[in-house]
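Asks: I have a structure here, written as structure tokens, and I will follow up with some questions on it.
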Ligand code: C5P
């Protein structure tokens, strides 16, 4: 197999409320950084598009830092066309504040309401709008109906594989070093053992490469 180009998204996004506040989530970015590192380790090119994390960029991986879902969307749109494999591990915020205050919001005694709107779905746009025609891999973090939700996502978002992650199991998923996932393909499922995110990243990269034409 030749040298392939991987595009990987990772980490949370940060959606500003005012100059000092934002909405985010508990994603550590570990799974995505491990995937980019695994692709590079196997001799491929990797560009990692990541929201804010505390992690070191794996050696040899090209890095694009973003904060918001919109910035991640723009970066993926710019990089997707010439990638062979795209693996979307980012925990993109589903909602962002409609109005971003230019000044720090002052507190008062009463309640306040924060109006939120949807962010763009980067994964769903990758094949449909960005002209990407390689192997597309998404993640599905679910607390119930794991496989059926993953299958629905596979179809709706135009993916070739969904990495399905039961985030209700203790000790895995968000923030932890280990994970337990099922690879959901159009015609089958591959249940992987509970293992380090680095080990699982290698299996995900291998399986994505096996789907290349
Ligand atoms: O729909 P849901 O958020 O559960 O889908 C998860 C998958 O979609 C992940 O691969 C995630 O990176 C991707 N996603 C995205 N842009 C969004 C929301 C999710 O790329 N706005």
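Numbering (our numbering), first residue to last: 40 to 252. Ideal Cβ positions, reconstructed from N, Cα and C, are used throughout, including at glycine.
(1) So what's residue 183 in DSSP terms, helix, strand or just coil?
(2) Do you know how far the Cα of residue 173 is from the Cα of residue 206?
(3) Which residue from 40, 126, 83 and 94 puts its Cα closest to that of residue 166?
(4) Looking at residue 87: is its Cβ nearer than 9 Å to the Cβ of residue 97?
(5) Specify whether the stretch 103-120 and the stretch 62-76 touch according to this definition: at least 3 beta carbon pairs, one from each stretch, less than 8 Å apart.
(6) What residues in its chain sit with their C-beta under 7 Å from that of residue 128, if we drop five residues either side in the sequence?
(7) Taking 8 Å as the cut-off, does the CB of residue 40 come closer than this to any heavy atom belonging to the ligand ZN?
(8) Compare the beta carbon distance of residue 52 and residue 90 with 9 Å and say whether it is the shorter of the two.
(9) Could you tell me the distance, in whole angstroms, from the CA atom of residue 180 to the CA atom of residue 42?
(10) To which residues does DSSP link residue 61 through a beta bridge?
(11) Below 8 Å CB to CB, which residues in the same chain sit around residue 169 once its five sequence neighbours on both sides are set aside?
(12) Distance, Cα to Cα, residue 171 vs residue 241?
(13) Do you know how far the Cα of residue 237 is from the Cα of residue 66?
(14) Mind reading off the beta-carbon distance from residue 85 to residue 158? Whole number of angstroms is fine, and I expect it under 8 Å.
(15) Could you tell me the distance, in whole angstroms, from the CA atom of residue 16 to the CA atom of residue 146?
Replies: Once the coordinates are examined:
(1) Three-state DSSP puts residue 183 in coil, outside helix and strand.
(2) 28 Å
(3) 126
(4) In this structure, residue 87 sits near residue 97, with a CB-CB distance shorter than 9 Å.
(5) no
(6) 47, 48, 49, 70, 71, 74 and 178
(7) The model on display carries the ligand C5P but not the ligand ZN.
(8) yes
(9) Cα to Cα, residue 180 sits roughly 30 Å from residue 42.
(10) 55, per the DSSP bridge assignment.
(11) 115, 116, 119 and 120
(12) Taken atom to atom, the span from the alpha-carbon of residue 171 to that of residue 241 is near 23 Å.
(13) 16 Å
(14) Actually they do not touch by this definition, with Cβ atoms about 24 Å apart.
(15) Because residue 16 is not part of the residues shown, which for the chain are 40 to 252, the question remains open.
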